[in-house]
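Here the structure is laid out as structure tokens; the discussion comes afterwards.
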Amino acid sequence: MSPEYDGTYYTEQYVEDGIRHTVRSIGYWPNGPGNPPDENNVKLNGIPILYIENHGGDNSLIPSGVYNLQKQYPQLNINKWFQSLTEDNTALVDLNLDKLIPIYELVTDELKKTELQNAIEKYIKDRQIVFE
24 MSPEYDGTYY TEQYVEDGIR HTVRSIGYWP NGPGNPPDEN NVKLNGIPIL
74 YIENHGGDNS LIPSGVYNLQ KQYPQLNINK WFQSLTEDNT ALVDLNLDKL
124 IPIYELVTDE LKKTELQNAI EKYIKDRQIV FE
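In terms of this note's numbering, the sequence shown has 95 at position 72, counting the first letter as 1, and numbering is strictly consecutive.
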């Protein structure tokens, strides 16, 4: 369990300058990355869009949403967001599918293991979507 936020930046051109300008403007990386952006290129970017998705922590500190950066830059407080994490507001954000095992494999009693396996398989079958 851990927090995660994703940001996707879209623009028509000059992506590198736009990203550098954006991460500085939203408070994510005030002095970076790399050289300062060419502000003339930033102005030529058309309509820059930033999409943010947040999982875990205090969602008000990293507001999920789609932002037209010509109108609004969201203010993100990454440090406070990490500090806001508690056992109650963490989120499952990643699974390594190669390492997953069925939960019934953890049961040592063979009868209970079989019953649990049958119940899980029935649950999945009853809820599966069939395309015709």
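We treat Cβ as the ideally placed atom computed from N, Cα and C, and that holds for glycine.
Between aspartate 121 and glutamate 128, what straight-line distance do the alpha-carbon atoms span, to the nearest angstrom?
Counting from 1 along the sequence shown, the entry for residue 121 is found at position 98. Counting from 1 along the sequence shown, the entry for residue 128 is found at position 105. Approximately 15 angstroms, taken between the alpha carbons.
Could you give the residue range of the alpha helix (DSSP H) that holds glutamate 76?
Position 53 of the sequence shown, counted from the first residue, corresponds to residue 76. Following the DSSP letters along the chain, one finds glutamate 76 in no alpha helix (DSSP H) but inside the beta strand (DSSP E) bounded by residues 72–78.
Whole angstroms are fine: how far does the CA of serine 87 sit from the CA of serine 107?
Position 84 of the sequence shown, counted from the start, is the residue given in the question as residue 107. Position 64 of the sequence shown, counted from the start, is the residue given in the question as residue 87. Distance between the alpha carbons of serine 107 and serine 87 is about 16 angstroms.
Does the Cβ of proline 71 have 16 or more other Cβ atoms within 10 Å, making it buried, or fewer, making it exposed?
Along the sequence shown, one-based indexing puts residue 71 at 48. Proline 71 comes out buried.
Hey, leucine 123 and leucine 92 are a contact pair by Cβ (cut 8 angstroms); roughly how many whole angstroms apart?
As a working note, residue 123 is residue 100 in the sequence shown. As a working note, residue 92 is residue 69 in the sequence shown. Not quite, the Cβ-Cβ distance comes to about 39 angstroms (not below 8 angstroms), so this is no contact.
Under a Cβ-count criterion, where at least 16 other Cβ atoms within 10 Å of its own Cβ denotes burial, should leucine 134 be classed as buried or exposed?
Position 111 of the sequence shown, counted from the start, is the residue given in the question as residue 134. Classification of leucine 134: exposed, given that the 10 Å Cβ count is below 16.
Enumerate in chain order the residues of its own chain whose CB-to-CB distance from lysine 136 is below 6 angstroms, with the five nearest sequence positions on each side excluded.
Here residue 136 corresponds to residue number 113 of the sequence shown, with the count starting at 1. Same-chain partners within the cutoff: Tyr127 and Val130.
To the nearest angstrom, how far is it from the Cα of isoleucine 101 to the Cα of glycine 69?
The count along the sequence shown starts at 1 and reaches residue 101 at position 78. The count along the sequence shown starts at 1 and reaches residue 69 at position 46. Those two C-alpha atoms are separated by around 28 angstroms.
Please state whether DSSP places tyrosine 90 in a helix, a strand or coil.
Here residue 90 refers to the residue found at position 67 when the sequence shown is read from its first residue. Tyrosine 90 falls in the strand class under three-state DSSP.
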